[in-house]
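What follows is one structure encoded as structure tokens, with my remarks underneath.
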Amino acid sequence: MTNTPPVPPANQSPYPIQEPPHPPAPPRATEEWAEPASRGWSLGKIVGAAAGIGAIAIGVAAVLFPRDSAPTPKKKKNRKS
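So the sequence shown is numbered by the UniProt record's numbering: it starts at 1 and just counts up by one.
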């Protein structure tokens, strides 16, 4: 006995409730998946490492070399009317 209630033929959904069975996948060659071509760093890792090191350097410079004084205000120009 199934857990699904019987559905009248006129009330059938146009979309299947269960996915049909798939055919078995063809066997893959093991030579394709043997090993990646290069073992070095990818370009994304290099750029990410450079950005991280740059951010750390800016943070360290901000802590070690703070501004000595506040910036001086700009002088107001006298308008001659």
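For each residue, glycine too, the CB sits at the ideal point set by N, CA and C.
Three-state secondary structure (DSSP) of residue i
{"i": "A62", "result": "helix"}
{"i": "P24", "result": "coil"}
{"i": "A10", "result": "helix"}
{"i": "A49", "result": "helix"}
{"i": "I56", "result": "helix"}
{"i": "G44", "result": "helix"}
Same chain, Cβ closer than 8 angstroms to residue i, neighbours up to 5 away in sequence not counted
{"i": "P9", "result": "none"}
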